[in-house]
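In the numbering used here, the protein residues as written are -13 to 152. Built from N, CA and C at the ideal position, the CB exists for glycine as well.
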Ligand code: SF4
Ligand code: SF4
Ligand code: SF4
């Protein structure tokens, strides 16, 4: 049995675990923007330069012609390429603003909070922002987390979620 299948089996065997698909409602913009309204104006006449420049392929252009992030396969390396490609300057390197969402672990969905040993989210976090208490009960340290999203696709039970910044 492959590792992911094993986690899926363990996850489905836990009663009361709430499975929630991540980021279905929240629109997450690329980093480096300062004016939210610029997406609805400048992006309308752009061919999605930011999306084609992103090597992680996490920027998708929506039906409204504005860019949003999709963390279902990868995360943001803060490589600056999207801002460099954005000639209308919706994204700029003048203010290196990070992705403006909070990343949190749902205790209802997380296998580790249900007593199953799992470190799937810990390895991809280069900031070491995910704290485990005695190898269980992980939480994300918002002071260290850069909202890069790399941990999200690694979680076999969709427990890592995006929330609007408080
Ligand atoms: S490159 Fe800039 S103007 Fe074009 S879609 Fe992306 S954010 Fe909008
Ligand atoms: S900073 Fe790089 S990895 Fe992040 S969204 Fe922009 S192009 Fe993609
Ligand atoms: S989103 Fe935060 S917790 Fe997840 S890998 Fe990135 S820095 Fe770590």
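- Of all alpha-carbon atoms in 87, 70 and 77, the one lying nearest the alpha-carbon of residue 27 is that of 77.
- Look at residue 132: its beta carbon is less than 7 Å from one of the heavy atoms in ligand 3.
- Boundaries of the beta strand (DSSP E) around residue 125: 122 to 126.
- When the beta-carbon positions are compared, residue 130 and residue 114 come within less than 8 Å of each other.
- For residue 107, same chain residues with a beta-carbon under 7 Å away, outside a window of 5 residues either side, are 116, 124, 137, 140, 141 and 146 in chain order.
- Remark: C-beta atoms of residue 151 and residue 50 do not approach each other more closely than 8 Å.
- A distance of 8 Å or more separates the beta carbons of residue 91 and residue 17.
- Contact check for residue 62 against residue 134 passes: the beta carbons are separated by less than 8 Å.
- Contact between residue 44 and residue 55 holds: CB atoms are separated by about 5 Å, below the 8 Å threshold.
- Taking a C-beta distance under 8 Å as the contact criterion, residue 143 and residue 97 qualify as a contact pair.
- When secondary structure is reduced to three states using DSSP, residue 35 falls in the helix class.
- Residue 48 has its Cβ no nearer than 7 Å to any heavy atom of ligand 1.
- The beta-bridge partner set that DSSP reports for residue 150 consists of 87.
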